[in-house]
Amino acid sequence: MRQRCRAALKEYGSAAALLMEGNRDPRSNDADPDNEHIRVPGNAGPARAGPLVEESSMSRLVRARGWLAAVAPGAVALALSAASAQAGQADNKQVDYKPVTDQRLANPEPENWLQYRGNYQSWGYSPLDQITAKNVTKLVPAWSLSTGVSEGHQAPPIVNNGVMFVTTPQAQVMAINARTGEILWRYQKELPPELSQLHPTNRGVGLYGDSVYMTTTDSCVVALGATTGKVKWEKCVAPWQDGYYMTLSPLVAKGKVVVGVSGGEYGVRGFITALDAETGNEAWKTYTVAGPGDPAADTWKGDTWKTGGGSVWIQGSYDPAANLAYFGTGNGGPWTPDSRPGDNLYTSSVVALDLDSGKIKGHHQYHWNDAWDWDEVSAPVLIDIERDGKKIPAAIHAGRNGYLWTLERSKDGPLSFVDGKPFVYQNVFSSLDPKTGRPSYDQSKIPGINRRAAFCPGLWGGKDWPPEAYNPKTGLFYIPSNDNLCSELAGAQAGTRKPGELYIGIPIDEVLNSLRLREGVDKSKPFAIGAIQAWDPKTGKRVWQHDFPDSANWGPLLTTGSGLIFAGGTSDRKFRALDGTTGKVLWETRLNSGVTGVPSSYMVDGIQYVAVQAGWGVDAERMLTGINALIPEERRVSVLPQGGVIWVFRVMGEEAAAK
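In terms of full-length UniProt numbering, the sequence shown opens at residue 1 and continues consecutively.
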């Protein structure tokens, strides 16, 4: 281990050596758990980009390696440190930007990660195979960079031709040299001081042409110049004062920037809208809560549709051949189901939208009249499978309701039920209709107005927002899951809605203290909560499962052409590589904070990198508080450090080319 640390120190600098000390090869006899705790310098790595300094003058321009780092109103200026300047002298390669086209988004090059899940089909898959099961134990940090903010860092590092774009909480986006970690420009939108952020996070940028698009928690979309950071246009799609906000990465296709709104807990009416990529003008707007004139209007009683929720806060999938975008939708509002009788379409559903018009061409509701805060916002993974000799263009979704859903897509939009199977313990559904997939409920598991009920899985479900992944080489579908946790709730009359105030019908203290252990779980010893599961979509059967005792799993998944899985998400702050065929942990390291960021992989100058943001917060932190209340004090995670850091890994030395 000491020899490896010295080698890392010589080749990659002090941060690499520190992280090597924190690495643990589970197959190695010399692994020392005392060395797993590491210190992370503010901006670690041999090519660190130095501190970010706010300047009083908003007119300063910083010339950075041939790029113009522009400071627009509402942005933050950069001051490159001496370390950054030295790195630039030692590494004088120019970074060239390659415009992003529809063709590139539909057929992304292996060396790039151009959107949220790598491709339109939401696979979370990189074809790169330079990092393998044989050399993954030699991973070291190529560079790391502090983001300067705390709370939940959930965005993937998006990479185009050696340029990385990363968003963080507080409406910040940075353009970074993906090989060196040098900051090219940084933009931070000035948010209204009165804005209260229920979920202070952001899930990444969209790229198109020479523009970068991001959403903000004051419910706006900002278009920036990819090489300058200058604002091209800004469009606010709804009033934040009314409870609307946005956290999702935009889906960009055919000249449109497609986004959805959050705010279901504030009693908003959810919608999806498409903006013109060049101008920001609205192309169309489609509500996800059916109102008057919609074919599904009768699934709402009276005026309940006006505050029906159905928010959309994760980027959708897209099928270019059918020109259909598939978005998941959130729970109905308020939470108490008896305050809004009916099926409540299109909440807790997937909707298939014609990209040109925004018209809903098909839908499937995973569960009706939601009572459990089970948003089903994750986009379905679009793959082709074969069942009983029949080829099926499938849309597969691991639901917050704890079921793995397989649907059949059609070119015209309608979706057909294939099957649904629980991947965690679920006691609410008593059965599924074999033709439609509509669930029947155990009435004793439905909380309501003045009616208390316990149900499993709990509020955060069998899988919350962290995305699943599909690997075409292993043929397996991977799920970041949570089991053995339930919730207990009782509702009340929601009263009159007040714009910008919570409107859920359940006291917030009760919500935050609702977690319960599944009956029969022995908490005197560590028990499984979080896990990574592998399923075969051809058979609909689970192949393997790797458990994380005493910890939830909030880790989005990345899988690669060499059959590896990369993921964080646990309260021990570890980032891991697993064998995608067996589930065996091959490598792990403890980072500065918990990892709820979406990992990505890219290649520059023939070297494969794996990138991820660490930075615990938002619902992962809230759930951790609930778990701590359920387990003995000696096993609790009393402190989980905060603060965001972008980590980028590569295989040390010449072994990077080993296959």
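The beta carbon of each residue, even a glycine, is placed where N, CA and C say it ideally should be.
Values in this document were obtained by computation on a predicted structure and should not be read as measured data.
key: Gln197 - partner residues in DSSP beta bridges   = Answer is none; Gln197 lacks a bridge partner.
message = According to DSSP, simplified to helix, strand and coil, what is Ser444?
response = helix
Classification of Arg576 by the beta-carbon crowding that lies within 10 angstroms, buried from 16 upward = buried
Simplified DSSP assignment, three categories, for Gly88 = Any reading at Gly88 must be qualified, since the residue scores a pLDDT of 40, below 50, and its modelled position is unreliable; the value itself is stated next. Gly88 falls in the helix class under three-state DSSP.
query = Taking the continuous alpha helix (DSSP H) assigned at Glu621, which residues delimit it?
reply = 618-628
ask   = By the 10 Å Cβ neighbour count, where 16 or more other Cβ atoms means buried, how is Asn107 classified, buried or exposed?
value = exposed
query = Trp185: which of Val166, Pro192, Leu195, Asn160 sits nearest, CA to CA?
reply = Val166
Terminal residues of the alpha helix (DSSP H) in which Arg104 lies = It spans 102-106 - the alpha helix (DSSP H) in which Arg104 sits, taken as one unbroken run.
request  = Can you grab the Cα-Cα spacing for the pair Val163 / Gly555, in whole Å?
outcome  = 24 Å
inquiry  = Please report the distance separating the alpha-carbon of Asp572 from that of Gly597.
reply    = Taking the straight line joining both Cα atoms gives about 15 Å.
key: Separation of Ile314 from Phe327, as counted between CA atoms   = 8 Å
request  = On the DSSP bridge assignment, give the partners of Arg650 in chain order.
outcome  = Val140
ask   = When the distance is taken between beta carbons, is Asp242 closer than 8 Å to Pro439?
value = No.
task = Output yes or no for whether 8 Å exceeds the beta carbon distance between Gly310 and Thr336.
result = no
ask   = At what residues does the beta strand (DSSP E) containing Gly579 begin and finish?
value = Reading the sequence as shown, one finds Asp at residue 579 and not Gly. Taken as a continuous stretch (DSSP letters only), the beta strand (DSSP E) holding Asp579 covers 574-579.
query = How many Å lie between Val536 and Thr273 at the Cα?
reply = Here the sequence assigns Asp to residue 536, which means Val is not the residue at that position. About 35 Å.
key: Simplified DSSP assignment, three categories, for residue 661   = Nothing in the structure corresponds to residue 661, since the chain is present only between 1 and 659.
query = Does the region 235-249 come close enough to the region 290-310 to have 3 or more Cβ pairs within less than 8 Å?
reply = no
query = In three-state DSSP terms, what is Gly508?
reply = Reading off the sequence, residue 508 comes out as Ile, not Gly. The answer is helix: DSSP assigns Ile508 an H, G or I state.
ask   = Can you find at least 3 beta carbon pairs, one from the region 473-485 and one from the region 502-517, that sit closer than 8 Å?
value = yes
task = Give a yes or no on contact between the region 469-477 and the region 425-434, applying the rule of three or more CB pairs nearer than 8 Å.
result = no
request  = Using DSSP bridges, identify the partner residues of Gln545.
outcome  = Gln533
task = Compare the C-alpha of Ala531 against each of Asp464, Lys301, Lys473 and name the closest.
result = Asp464
request  = Just tell me which of Thr539, Gly563, Ser600, Lys525 has its CA closest to the CA of Glu634.
outcome  = Lys525
N-terminal and C-terminal residue of the beta strand (DSSP E) that Cys220 is part of = 220-225
query = Does the distance from the CB of Gln426 to the CB of Asn450 come in under 8 Å?
reply = no
ask   = Taking Cβ to Cβ, would you say Val595 is nearer than 8 Å to Pro200?
value = no
ask   = Taking DSSP as the reference, what is the three-state secondary structure of Pro46?
value = Unreliable placement is indicated for Pro46, whose pLDDT of 31 sits below 50; no coordinate value is reported for it.
query = Hey, would you say the C-beta of Asp370 is under 7 Å away from at least one heavy atom of the ligand FMN?
reply = Because no ligand of any kind appears in the structure shown, any question about the ligand FMN cannot be addressed here.
ask   = Tell me the DSSP bridge mates of Ile360?
value = Leu353
request  = Quick one: using the 10 Å Cβ neighbour count with 16 as the cut-off for buried, is Glu282 buried or exposed?
outcome  = exposed
message = In this structure, how does DSSP classify Arg635 when only helix, strand and coil are distinguished?
response = helix
request  = Give the secondary structure of Lys301 by DSSP, where H, G and I count as helix, E and B as strand, and everything else as coil.
outcome  = For Lys301, the secondary structure class from DSSP, reduced to helix, strand or coil, is coil.
request  = From the DSSP output, in three-state form, read off Gly98 for me.
outcome  = Before going on, a small fix: residue 98 reads as Lys here, not Gly. In this structure, Lys98 counts as coil in the three-state DSSP scheme.
ask   = How about Ser348 and His364: are their beta carbons less than 8 Å apart?
value = no
task = Within 10 angstroms of the Cβ of Val639, are there 16 or more other Cβ atoms? Answer buried if so, exposed if not.
result = Label assigned to Val639: exposed.
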